[in-house]
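Only one structure is covered here, and it is reproduced in the block below.
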Amino acid sequence: MGPTDYLREMADGTFKQVNPFTGTQVWTVPGRGDRPLGLTAVAPKPLDEAARTSACAFCSDRYVQTPPEKSRVSLTAGRWVSQHGLPLGAVLSSLAEFRRIPNLYEILPLEYWRANYDYRIRAADRARMTAYLADPAGREHVLELLTTKVRADQRDGLSDDALLERDASAFFGGTHDVIVARRHYADEASNDSQLASSGTLNVDEHHQYVAFTIDAIRDLYERNPHAQYVAAFQNWLKPAGASFDHLHKQVVAIDERGVQVELELGRARVNPQIYNEAGVDYAREHNLIIAENDHAIAFAGFGHRYPTLELFSRSEHCAPWDHAAQEIRGMSDLLHALHSAGGPDVPCNEEWHHQPPGVDVAMPWRIMIKWRVSTLAGFEGGTKIYLNTISPTALRERVVTRLRELRADGAIAADIRIGDDANVEQSPLRYR
309 MGPTDYLREM ADGTFKQVNP FTGTQVWTVP GRGDRPLGLT AVAPKPLDEA
359 ARTSACAFCS DRYVQTPPEK SRVSLTAGRW VSQHGLPLGA VLSSLAEFRR
409 IPNLYEILPL EYWRANYDYR IRAADRARMT AYLADPAGRE HVLELLTTKV
459 RADQRDGLSD DALLERDASA FFGGTHDVIV ARRHYADEAS NDSQLASSGT
509 LNVDEHHQYV AFTIDAIRDL YERNPHAQYV AAFQNWLKPA GASFDHLHKQ
559 VVAIDERGVQ VELELGRARV NPQIYNEAGV DYAREHNLII AENDHAIAFA
609 GFGHRYPTLE LFSRSEHCAP WDHAAQEIRG MSDLLHALHS AGGPDVPCNE
659 EWHHQPPGVD VAMPWRIMIK WRVSTLAGFE GGTKIYLNTI SPTALRERVV
709 TRLRELRADG AIAADIRIGD DANVEQSPLR YR
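Residue numbering for the sequence shown follows the numbering used here, starting at 309 and increasing by one per position.
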């Protein structure tokens with residue numbers, strides 16, 4: 309395949325693909341995708357009404373099973389309200405639509421940052437911790453969580469006060485957080501297989517979910533000066549790596565940019581317009597555009613290990629937190645539509661990509677949805693050629709068809725232009 313021949317159909321219908329940003333080689337062989345995509349529920353049970361709010365530790369009746377809340381978004385008298393650092397009593401006496409809580413088991417724990425960078429939590433976070441622990445209920449809450457997290461042999465004879473002094477600060481100044489949605493089950497659910505997913509939120513709820521996540525990313529960069537990158541992602545269902553079948557995203561500060569960013573930086577330095585030319589323009593030329601609105605474009609991706617929907621912001625800004633409100637809404641609406649088209653039964657990873665602070669190469673904000681509908685095996689391990697069960701063209705047709713049905717039902721934003729109705733111009737991304 310030539311240097312810009314990222315997608316080639318063979319005579320028998322096999323698609324050979326190369327990812328323009330990573331060089332990953334992928335084949336789609338005819339017939340291997342002729343199977344149901346979603347998980348099939350095994351003997352679903354009628355839904356107990358109490359389970360709607362208590363099915364897992366992320367549910368609203370079990371707030372005390374998660375670390376002290378950093379912030380929340382609530383819907384009060386028809387208005388969206390943000391609150392930060394509430395005491396435990398206020399957390400337990402009200403209902404949040406979205407909560408930001410520390411991850412109980414961080415990828416990079418606070419001790420990592422302390423030991424390697426002499427990192428200290430901010431004065432404001434230490435003050436919040438002091439106030440939280442001064443409340444007897446708050447102190448008991450934190451101690452119970454630390455008892456769950458820290459094994460008895462790790463306490464090494466520490467008193468409760470010493471344990472709190474050593475480990476509690478991770479709950480107030482750590483840099484791996486979870487953004488948790490309110491519902492475990494869809495509002496109309498009648499059995500325990502009908503989960504609430506990104507696509508079952510309404511468009512306003514989804515917009516708040518995305519905006520809240522953006523604010524968390526920005527905040528982690530601000531609170532940890534040693535963070536080179538903040539990864540944002542969503543694992544939906546256990547085959548995609550989720551610990552709970554409860555809708556949530558994660559934001560994680562790390563001290564390296566990561567292989568994906570470094571690979572892209574190398575290519576973008578050589579060709580600053582690679583995201584237009586090898587992304588949206590190439591998709592347009594090969595009839596892979598799925599949908600667009602004034603602020604975002606979605607297409608069927610190529611060169612991915614799994615069927616992938618790619619969503620690009622059209623903004624001139626690269627950092628999500630620098631986007632105007634209407635630009636964030638445009639990205640959210642199209643992301644919501646793509647999730648709705650996949651449906652709540654398809655395991656998937658949602659990956660956010662953005663230009664890290666301090667990087668001198670423009671990299672547009674974009675989000676990928678990867679359907680985890682196949683399992684990597686020995687062939688992929690031995691050849692590093694990956695078998696993707698759905699070709700980009702088949703993926704495009706499947707999603708376009710479903711989006712039209714959803715639009716007719718009023719389930720997605722009305723201003724989305726779908727399939728052939730999209731009129732994507734040459735090099736439409738305005739990042740700079």
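Ideal placement from N, C-alpha and C gives every residue a C-beta, glycine not left out.
A604 vs R592 beta-carbon contact at 8 Å
The beta carbons of A604 and R592 sit no closer together than 8 Å.
Would you mind working out which of F366, T336, Y739 sits nearest E585, comparing C-alpha positions?
The option with the nearest alpha carbon to E585 is Y739.
CA-to-CA distance, I726 to T274, given in whole angstroms
With the chain running from 309 to 740 in the structure shown, residue 274 is simply not present.
For G397, tell me which candidate among D469, A599, N424, D443 has the shortest Cα-Cα distance.
It is D443 whose Cα lies nearest to the Cα of G397.
Using the three-state DSSP reduction, which class does G310 fall into: helix, strand or coil?
Low confidence applies here, because G310 scores a pLDDT of 44, under 50, leaving its location unreliable; read the following figure in that light. DSSP places G310 in coil when its eight states are reduced to three.
When you compare only the Cα positions, how much space is there between I582 and N731?
Cα to Cα, I582 sits roughly 20 Å from N731.
Inspect the CB distances between the segment 407-425 and the segment 484-491 and report whether three or more fall short of 8 Å.
Yes, they touch.
D320 and P338 - do their beta-carbons sit closer together than 8 Å?
Against a cut-off of 8 Å, the Cβ pair of D320 and P338 comes out as a contact.
From the DSSP secondary-structure annotation, give me the bridge partner or partners of N499.
P354, per the DSSP bridge assignment.
Please classify L737: does DSSP put it in a helix, a strand, or coil?
DSSP places L737 in coil when its eight states are reduced to three.
If I measure Cβ to Cβ from R613 and keep anything under 6 Å in the same chain, skipping five residues before and after, which residues do I get?
The residues are Y694.
Using beta-carbon positions only, say whether Y425 and H492 come within less than 8 Å of one another.
Not in contact: Y425 and H492 (Cβ atoms no closer than 8 Å).
Short check: CB of A550 to CB of L355, under 8 Å?
Contact annotation: A550 and L355 have beta-carbon atoms that are not nearer than 8 Å.
How big is the Cα-Cα spacing for T361 and T384?
When rounded, the distance between both Cα atoms is 19 Å.
Taking the alpha carbon of A561 as the point to measure from, which residue in H484, L571, W544 has its own alpha carbon closest?
Among H484, L571, W544, the Cα nearest to that of A561 belongs to H484.
Going by beta carbon distance, what residues of the same chain come within less than 6 Å of T616, once the five residues before and after it are set aside?
Same-chain partners within the cutoff: G609, M676, K678.
Cβ neighbours of V450 in the same chain (closer than 6 Å, five flanking residues each side left out)
Taken in chain order, the residues that qualify are A476.
CA-CA distance, L509 and D464?
When the Cα atoms are used, L509 and D464 turn out to be separated by approximately 46 Å.
Using the Cα positions of Q542 and V559, report the straight-line distance between them to the nearest angstrom.
When the Cα atoms are used, Q542 and V559 turn out to be separated by approximately 9 Å.
Where are the alpha helix (DSSP H) runs, 4 residues long or more, that stay fully inside the segment 352-416, in chain order?
Taken in chain order, the whole alpha helix (DSSP H) runs of length 4 or more contained in the segment 352-416 are 396-400.
Output the distance between the C-alpha atoms of P665 and V350, rounded to the nearest integer angstrom.
Between P665 and V350, the alpha-carbon positions lie close to 46 Å from each other.
Among residues of its own chain, excluding the 5 on either side of G310, which ones have a beta-carbon nearer than 8 Å to its beta-carbon?
The pLDDT assigned to G310 is 44, lower than 50, so where the model puts this residue is not dependable, and the model offers no usable value.
Buried or exposed: L643, going by 16 or more other Cβ atoms within 10 Å of its Cβ?
L643 should be labelled buried.
On the three-state DSSP scale, how would you describe I487?
DSSP, read as helix, strand or coil, puts I487 in strand.
Would you kindly work out how many angstroms separate the C-alpha atoms of S682 and G689, rounded to a whole number?
Approximately 14 Å between the Cα atoms of the pair.
Hey, would you say A633 sits closer than 8 Å to L555, going by beta carbons?
Not a contact, by the Cβ cut-off of 8 Å.
Note down the Cα distance separating R430 from S501, rounded to an integer number of angstroms.
Looking at the two C-alpha atoms, the distance is approximately 42 Å.
When burial is assigned at 16 or more other CB atoms within 10 Å of the CB, is D553 buried or exposed?
In summary, D553 is buried, with 16 or more beta-carbon neighbours lying within 10 Å of its beta-carbon over all protein chains present.
Got a sec, what are the start and stop residues for the alpha helix (DSSP H) W421 sits in?
Note, W421: alpha helix (DSSP H), 418-425.
Once you ignore the five residues that flank A519 on each side, which residues in its own chain have a CB closer than 6 Å to its CB?
For A519, the CB contacts under 6 Å within the same chain, skipping 5 residues up- and downstream, are I636 in chain order.
Between the CA atoms of C364 and R370 - distance to the nearest angstrom:
Answer to the nearest angstrom: the Cα atoms are 8 Å apart.
Would the beta-carbon of L453 fall within 8 Å of that of L412?
L412 sits close to L453, with the two beta carbons spaced by under 8 Å.
Close beta carbons around H594, own chain, < 7 Å, minus the five adjacent residues each side:
So the qualifying residues of the chain are L315.
Pair within 8 Å by beta-carbon distance, R680 and H661:
Contact: no.
What is the DSSP secondary structure of M639, reduced to helix, strand or coil?
Collapsing the DSSP output to three states places M639 in a helix.
Unbroken beta strand (DSSP E) run spanning F323, endpoints:
For F323, the uninterrupted beta strand (DSSP E) segment begins and ends at 323-326.
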